[in-house]
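The structure appears right after this line, and notes come after that.
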Amino acid sequence: MGQVFTIPPHVPFLRALARGLLERGDQLADVTVLVPTRRAARALVEEFLAQAPTDALLLPAIRPLGDVDEEMGLEGAAPAGGDAGDAPLSLPPAIAPMHRRLALAEIIRAHGDKIERPIASAAQAIALADDLGALLDTFAAQDVDITRLKDAVHGDYADHWTETLRFLEVITNSWPNMLASLGLTDPSARRAALIEATCRRWRDAPPGPIVAAGSTGSLKATADMLSTIAGMDEGMVVLPGLDTGMEPRAWDALEPAHPQFGLRLLLSRMGLERDDVALWPAAGTEDDTAAARTCLVSEALRPAETTDAWRDAGAHLGDVAEAALDGLTMVSADSPQLESLAISLALRGALETPGRTAALVTPDRNLARRVAADLARWDIAVDDSGGQPLAHTRTGSFLLLVAEMLAAQCAPVPLLAALKHPLAQGGQPQGLLHRDVEFLDKRVLRGPRPAPGLAGLADAIAAAATRPHNKLHEKDHARARAIHARLETLLTGAGNIADTASQPAARLIETHIAICEALAATDTLPGTQALWSGTSGEAGAQFIADLLENAILLGDVPLSDYPAILGALMTGRMVRPKRRSHARLQILGPLEARLQQADLLVLGGLNEGVWPQRAETGAWINRPMRAQLGLEAPERLIGLAAHDVAQGLGTREVILTRAERADGQPTVPSRWWLRLENLVSGLGKTIGSGPWLAMARAYERPVVEARQIERPTPRPPVDKRPTRLSVTRINDLFRDPYAIYAGHVLKLDELDALEADAGARERGDIIHGILERFSRDYPVTQDTPMPDNAYARLVAIGEEMFQAAATRPAVRAIWWPRFLQVAEWFVPWETARRARILTTFVELKGELSLPLLTRDFTLSGIADRIDLFTDGTLAILDYKTGSAPTAKQTDAKFSVQLPLEAAMAARGAFENQKDGSTGPVAAQTSELAYVELKGGREPGKVVSATGKDKDAKTTGEDALEHTRALLTLFEDEETPYISRPRPQFLSYDGPFDHLARVKEWQTVSDTE
């Protein structure tokens, strides 16, 4: 009969294990040691070497429990009769993970089609397949026969659960049959069978001295192996952190979420009592207070129904409480950012002591990445041993971005995201493609979304050379065409990316990869080398190889579904560093941290839902079903997490951390955090928070204390100030002079948004163009003021103008229906108006020179429409596809565009056009009006720009004098271009408000 030992949490497990095996005097080379993980195996080797009495040492065979294979099962001589040792050889190979996911997804989709509830997408089917695979693994791990599903009582559940059970019953037949037909087996079932065969062989032919250390036997097969080893004459089992001091009442009341529950279950399977477990001989400690922390943690985590014992906790913990709290710190940070910085400072502080080691243990990979990034501030490189999702790596993210670009038919946002990726070089020297893409971003792709594909991009480039705003001149136009030609070569050389129809998955994947390799190539490296190099490249190459091998299971895939499928299949694929990046610091997940040791241990992310994670039952069965089928409660996983935390708390110096808010919402402290706080508070003591949070806050605090900034008041020299403005910009000079400073002194231009809605500029240009064309093609004559079929002629012009905007489909989709409404309103309005019009002038350009103190200033303007009435007066109209200014705003001089155009017309500013045509001679204006053309319930209306008590002439002259005085004021170098001096007439954010830092100085009173 073997022996069962335990090493308490406050004793470094692997150090004590190595010391104990060395002290036993056995021939180490004859011993086999089984530990939970490969990392633990490597660490145990280091401990043996560190404690060896001589430089030469024959080590035992150290293997991770998770790597049971045929070789392990066939060790030793064949038993009499010979069958047991043959079992592993008779097992078919395990189905590959990718094959398994896609096969389960196909079964799910086929069942959905059969019951006329089709799965929405292949990506959703893959996600459901992952949950189903986890359920199959659960059945195998807990040795529950999946055929028990047929015994579940359908009538006890809601209809959708009944339907789910029926499907799972189908799985119990179809899945094993499919595997059998392929000559494969399920990985979990195969592993359990291998362990069973190994145990059978060891019972018949013991392999010699064997030690299983550090496992809690959470899997049924592993528990059976531990039981087998414990039953061997030369077998030993060393358990981690068995609480031998817990009173029987608490021991009997253990629930699945308790850290000792798994060990109690293991002992029960072994047929042992707690008293049968001895302390590992080398686990003693000379420090009388070393066990104090273990006692405190055991008391804090005692079963809920026995917490009445806390009333007497002072009697047996009072003497050791101080020692237990020595070295224990709890940091409750305001935010995840502060939590990660506090952790980073603690880890960095550990490096100040030579030889001192430290580790962060957390299941929160976001926290792990933040800490790694914070440590990089001080040039400390530490990798997250838990790994990085493939989709977040350099290669994985590039594969996804290119797939999204292809599926979106080169729409601006996904196109720029893919081509700005560091891997995208396009066969050119480093950075050249990125500069070209930046050029397309700023000069071509802004505004409404172009038509799909590279043809749409070509149309957008052509349109950019003729548009009135931000026009591409000849040199830039040639550059844009050259960039398009290069992109066309890169993106179409491997296949037709415009083919959005369903196609075989293998062909789609091969086309995608060929494009990725073409984009990743540099002038010195082929794409195959640039894309697939490094750790992430190797992981990406393996992923694509697995995908291609099983692509037939995906069938035909629409291009639009491809990125979601790729992302779903990347889920769960982690890329782990090949080697430890720092000798004294580590960032570990809970699994990797088992049996590891450090001088300082940080347990981070201690919030409910993070550590522990929520007890989820999965998508396929609920709690009552689990109980009926004999599966463990999901809280069992919380118990395993609790054991990890309890083991970590045994470290001499421990920092527990959490964030009080995450994603803008308050968080709930972990149950273990609250229990420690409550118990210690009941003892009349507190747990220190240490200096780390205060240091993190100080580190983030600006060196110079923040102060309220003042409104900017730039005063450029007079010779740098503009000498020419349009009448529309005079409005800005009065309402927001800073915008004039930014645009005309600093020469800054506003960038339109990518894939923007059909904005005011685009719709204004089109509607103006249509009405201008109508007025030119069908001018007012004495015989026919309006043409026959005026509405049809106007709509025909509209069709032509909107067709010219085909490069921006969103413009037509949104504004064509509105234009038809505008046309129905415009024709009768125009018909009635033409009865008193002699001539209509459209899109007239005019200039007026105003002498100022030291120089002349030029006012320029473009009048949308000027009507010459039969009485010799003028009407100046401005078309608005948005809301027009009110007469009140005009009177207050906040909108002086039309009045200034009236003053210019009175002085003949529109008479002589640069193209040789003639506008109206100098004349007084009798009407100033805005014509709103918005479509909708009120397609159009006329808004007067003059007040009730003023005529157009007076309004124009007043506006001109006001403008002259304003321009004269800015001729003084002491006059600043102040930001938003009159915000009450600014109902929108200006394009340069961020440059003026408006939100930093503006107060509530400024906006009232």
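The working numbering applies: residue 9 is where the sequence shown begins, and numbers increase by one.
C-beta: ideal position from N, C-alpha, C; glycine also.
The model shown is predicted, which means the values in this text are computed figures rather than measured ones.
{"Item": "For residue 864, report the span of its beta strand (DSSP E) as first-last.", "Value": "864 to 877"}
{"Item": "Check whether the Cβ atoms of residue 604 and residue 367 lie closer than 8 angstroms to each other.", "Value": "yes"}
{"Item": "Just the Cα atoms here: how many angstroms apart are residue 940 and residue 453?", "Value": "29 angstroms"}
{"Item": "How is residue 759 classed by DSSP in three states: helix, strand or coil?", "Value": "coil"}
{"Item": "Considering only DSSP beta bridges, list what residue 455 is partnered with.", "Value": "762"}
{"Item": "Return the chain-ordered ranges of every beta strand (DSSP E) run that is complete within the segment 766 to 854 and spans a minimum of 3 residues.", "Value": "none"}
{"Item": "Starting from residue 4, trace the alpha helix (DSSP H) both ways and give me its first and last residue.", "Value": "Past the boundaries of the shown model lies residue 4; the chain is included only from 9 to 1016, so the question cannot be answered."}
{"Item": "Which one or two residues does DSSP pair with residue 886 in a beta bridge?", "Value": "938"}
{"Item": "What residue range is occupied by the uninterrupted beta strand (DSSP E) comprising residue 438?", "Value": "Segment: none, residue 438 is in no beta strand (DSSP E) and carries neither H nor E."}
{"Item": "Taking residue 824 as the reference, give the member of 935, 944, 856, 748 with the closest Cα.", "Value": "944"}
{"Item": "Taking the alpha-carbon positions, what's the residue 578 to residue 551 distance?", "Value": "8 angstroms"}
{"Item": "Nearest to residue 281 by alpha carbon, out of 613, 911, 11?", "Value": "11"}
{"Item": "Does residue 15 come out as helix, strand or coil in the three-state DSSP assignment?", "Value": "strand"}
{"Item": "I need the boundaries of the alpha helix (DSSP H) containing residue 186, first residue and last residue.", "Value": "167 to 190"}
{"Item": "Is residue 517 buried or exposed, if buried means 16 or more other CB atoms sit within 10 Å of its CB?", "Value": "buried"}
{"Item": "Expressed to the nearest angstrom, what Euclidean distance is found between the alpha-carbon atoms of residue 537 and residue 443?", "Value": "23 angstroms"}
{"Item": "Please confirm whether residue 575 and residue 131 have their CB atoms less than 8 angstroms apart.", "Value": "yes"}
{"Item": "With residue 306 and residue 251 assumed to form a contact (beta carbons below 8 angstroms), what rounded beta-carbon distance in angstroms separates them?", "Value": "5 angstroms"}
{"Item": "Kindly identify the DSSP beta-bridge partner or partners of residue 564.", "Value": "512"}
{"Item": "Any contact between the segment 320 to 338 and the segment 261 to 268? By contact I mean 3 or more CB pairs, one from each, below 8 angstroms.", "Value": "no"}
{"Item": "Is the Cβ-Cβ distance between residue 866 and residue 979 less than 8 angstroms?", "Value": "no"}
{"Item": "Check whether the Cβ atoms of residue 664 and residue 611 sit closer than 8 angstroms, and answer yes or no.", "Value": "yes"}
{"Item": "Tell me, which residues are paired with residue 582 by DSSP?", "Value": "397"}
{"Item": "Pull up the distance between the alpha-carbon of residue 84 and that of residue 208, whole angstroms please.", "Value": "Residue confidence for residue 84 is low, a pLDDT of 38 falling below 50, so the modelled location carries little weight and cannot support an answer."}
{"Item": "Below 8 angstroms, how does it come out for the segment 528 to 543 and the segment 433 to 443: are there three or more Cβ pairs, yes or no?", "Value": "yes"}
{"Item": "Which word fits residue 211, buried or exposed, when buried means at least 16 other C-beta atoms lie within 10 angstroms of its C-beta?", "Value": "exposed"}
{"Item": "DSSP three-state label for residue 122, please.", "Value": "helix"}
{"Item": "Give a yes or no on whether the C-beta atoms belonging to residue 566 and residue 412 are separated by under 8 angstroms.", "Value": "no"}
{"Item": "Using beta-carbon positions only, say whether residue 874 and residue 927 come within less than 8 angstroms of one another.", "Value": "yes"}
{"Item": "Which residues in the same chain have their Cβ closer than 8 angstroms to the Cβ of residue 606, if we skip the five residues on either side of it in sequence?", "Value": "365, 366, 367, 594, 659"}
{"Item": "Should residue 25 and residue 221 be called a contact, given that it needs their Cβ atoms to be closer than 8 angstroms?", "Value": "yes"}
{"Item": "Once you ignore the five residues that flank residue 1023 on each side, which residues in its own chain have a CB closer than 6 angstroms to its CB?", "Value": "One cannot answer for residue 1023 here, as it falls past the ends of the chain, which runs 9 to 1016."}
{"Item": "Taking residue 422 as part of the alpha helix (DSSP H), name the residues at either end of that continuous run.", "Value": "420 to 427"}
{"Item": "Can you tell me which of the three DSSP states residue 630 falls into?", "Value": "coil"}
{"Item": "Express the C-alpha separation of residue 389 and residue 378 in angstroms, rounding to a whole number.", "Value": "12 angstroms"}
{"Item": "Considering only DSSP beta bridges, list what residue 669 is partnered with.", "Value": "674"}
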